[in-house]
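A.B. asks: In the numbering used here, the protein residues as written are 449 to 768. Think of the CB as a built atom: it goes at the ideal place given N, C-alpha and C, for glycine as much as any other residue.
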C-alpha cells in the first residue's frame, strides 16, 4: 500500500531526487517502511531497474536503519554499497536508477540549535608613531630656512597620512562590529526557531497527540484504499482531539477534494445512464452521490442527485 506524497513537514520522510517520481515526498509513518516497485510497498518507485522490494527502513528509539532485502540490486547509500546502515539526515539512497534523500527534521533542528561561537572583532592597529627627529648640527642663514621649510612640509604630510589612515581603521572597526551584530541577530533568530520547534515536538508526546495520531493513521489507510468518506471522518476526529495536527489537516483537505470529485463523477454517470435508458445504473449512481453528501439535504448537488434518483426509480418500476 503506497504512501501518498506529502509536504516536507513530516518528521521523517524520503524525497525522490530524480526519475518519474522526482519531487515527491513520502512520509515514514510506521515502524517499517518498504521501498521498491511493488504497489504493495509503502513507498512505490516507478523504476524498472529497482527491485520489487529494494530495501526496508526500520524505526527504533527514534533511529532509522536501512536494510538491503534485494537479491540482485545492491543498496547504495552516499555512493557506497551497504547491507545495512543507520541513516542520518541528508543521506542519499539509490534504488535502481532512482535517488532518494532521507530527511529527519528532529535531528536537523538539534544540529541547527547547537551554540555557535561568536566572532570577536580584532582591534585595529594603532597609527604609526611620529618619526623621531635625528640630531642635527646648527646651521645658520639660508640653509636653516630651507631645512625648516622641509620639516614643516614633512610634518604636514605625516599628519595628513595619520588622519587618513586612522579614519580608515575606524571605518573598518565599525564594519566589523556591525558584522558581529548581524551574526548575533542571526544566532538569536536560530535559537528562537529551535525553541519553537522544541515546543512543537514536546506537544507530540502528549496523550492528546498520541490518540489523534491513531485516528490519523486509520484515516490514512482508508485514504490509500480509496475510502475517502471514512478517511475524512477519521481526519476530522484526529483534529477534534489535537487541532494542531498538521498532517490530519492536510489530508482532511485532500479527502474533501476527492469526495467532491467523486460526487461530481456520480452525477455525471447518472445523467449518462439516464440518457441510455439504463435506469438501474442511473439509480445506483445517484444513490452513491446522495450517500457521499450525507445529511446535506439543502445542498444543490444533493437535490440534483435526489431528483435523478427518484426519476430513475420511477422509470425502472414502470418497466415491470
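1) Sorted by chain position, which residues of the same chain lie with C-beta nearer than 6 Å to residue 499's C-beta, five sequence neighbours on each side aside?
2) What first and last residue would you give for the beta strand (DSSP E) that runs through residue 484?
3) Please give the ranges of any alpha helix (DSSP H) in the region 723 to 751, keeping only runs that are unbroken, at least 4 residues long and fully inside the region.
4) What residues in its chain sit with their C-beta under 8 Å from that of residue 738, if we drop five residues either side in the sequence?
5) Assign residue 571 to buried or exposed, taking buried as 16 or more other Cβ atoms, counted over all protein chains shown, within 10 Å of its Cβ.
6) DSSP three-state label for residue 625, please.
7) Classify residue 723 as buried or exposed, calling it buried when 16 or more other Cβ atoms lie within 10 Å of its own Cβ.
8) Tell me the rounded alpha-carbon separation between residue 525 and residue 668.
9) To the nearest angstrom, report how far apart residue 497 and residue 686 are at their CA atoms.
10) Between which two residues does the beta strand (DSSP E) holding residue 495 run?
11) For residue 532, which of helix, strand or coil comes out of DSSP?
12) Please classify residue 709 as buried or exposed, where buried requires at least 16 neighbouring CB atoms within 10 angstroms.
13) If you check the beta carbons only, do residue 493 and residue 543 fall under 7 Å apart?
14) Among residues of its own chain, excluding the 5 on either side of residue 545, which ones have a beta-carbon nearer than 8 Å to its beta-carbon?
15) CA-CA distance, residue 482 and residue 720?
16) By DSSP, does residue 720 sit in helix, in strand, or in coil?
17) Between residue 539 and residue 550, what straight-line distance do the alpha-carbon atoms span, to the nearest angstrom?
18) Excluding the five sequence neighbours on either side, which residues of its own chain have a C-beta within less than 6 Å of the C-beta of residue 744, listed in chain order?
19) Who are the Cβ neighbours of residue 464 in its own chain at under 6 Å, not counting the five residues just before and after it?
20) What whole-angstrom Cβ distance do residue 663 and residue 679 have, given they're in contact under 8 Å?
21) Over what stretch of residues does the beta strand (DSSP E) that includes residue 665 continue unbroken?
22) Compare the Cα-Cα distances from residue 509 to each of 516, 479, 697, 528 and report the closest residue.
23) Output the distance between the C-alpha atoms of residue 656 and residue 690, rounded to the nearest integer angstrom.
24) So residue 516 and residue 460 are supposed to be a Cβ contact under 8 Å. How far apart are they, rounded?
25) Alpha carbons only, please: which of 717, 673, 507 is nearest the one belonging to residue 475?
26) What residues in its chain sit with their C-beta under 6 Å from that of residue 759, if we drop five residues either side in the sequence?
27) As a quick exercise: from 677, 688, 537, pick the residue whose alpha carbon is nearest that of residue 704.
28) Helix, strand or coil: which one does DSSP assign to residue 518?
29) Kindly indicate which three-state DSSP category residue 459 falls into: helix, strand or coil?
30) With a 10 Å radius around its C-beta and 16 neighbouring C-beta atoms as the bar for buried, classify residue 490 as buried or exposed.
31) Going by alpha carbons, who is nearest to residue 726 out of 505, 766, 694?
32) Where does residue 704 fall in DSSP's three states?
33) Given a threshold of 16 other Cβ atoms within 10 Å of its Cβ, counted over all protein chains shown, does residue 748 qualify as buried or as exposed?
34) Near residue 736, which residues of its chain fall below 7 Å by C-beta distance, leaving aside the five closest residues on each side in sequence?
C.D. replies: Here's the rundown:
1) 484, 518, 521
2) 480 to 484
3) Here the runs fully enclosed are 727 to 741.
4) If we look at residue 738 and ignore the five residues flanking it on each side, its Cβ neighbours are 750, 753, 754, 757.
5) Only weak support exists for where residue 571 lies, its pLDDT of 45 falling under 50; the value from the coordinates is given anyway. Under this definition residue 571 is an exposed residue.
6) Caution applies to residue 625, whose pLDDT of 42 falls short of 50 and renders its modelled position unreliable; the value that the coordinates give is listed next. In the displayed model, residue 625 falls within a helix according to three-state DSSP.
7) exposed
8) 29 Å
9) Cα to Cα, residue 497 sits roughly 39 Å from residue 686.
10) No beta strand (DSSP E) holds residue 495; DSSP gives it neither H nor E.
11) strand
12) exposed
13) Contact: yes.
14) 466, 467, 495, 497, 498
15) 42 Å
16) helix
17) Approximately 5 Å, taken between the alpha carbons.
18) 750
19) 470, 472, 548
20) Wrong, their Cβ atoms sit about 10 Å apart, outside the cutoff.
21) Taken as a continuous stretch (DSSP letters only), residue 665 belongs to no beta strand (DSSP E), being part of the alpha helix (DSSP H) at 655 to 672.
22) 479
23) 6 Å
24) About 19 Å; that fails the 8 Å criterion.
25) When each option's Cα is compared against that of residue 475, the closest is 507.
26) Hits under 6 Å: none found.
27) 677
28) coil
29) It is coil, neither helix nor strand.
30) buried
31) 766
32) DSSP places residue 704 in the helix class (H, G or I) of the three-state scheme.
33) exposed
34) Here residue 736 has 714 as same chain residues with Cβ atoms under 7 Å from its own Cβ, once five neighbours each way along the sequence are excluded.
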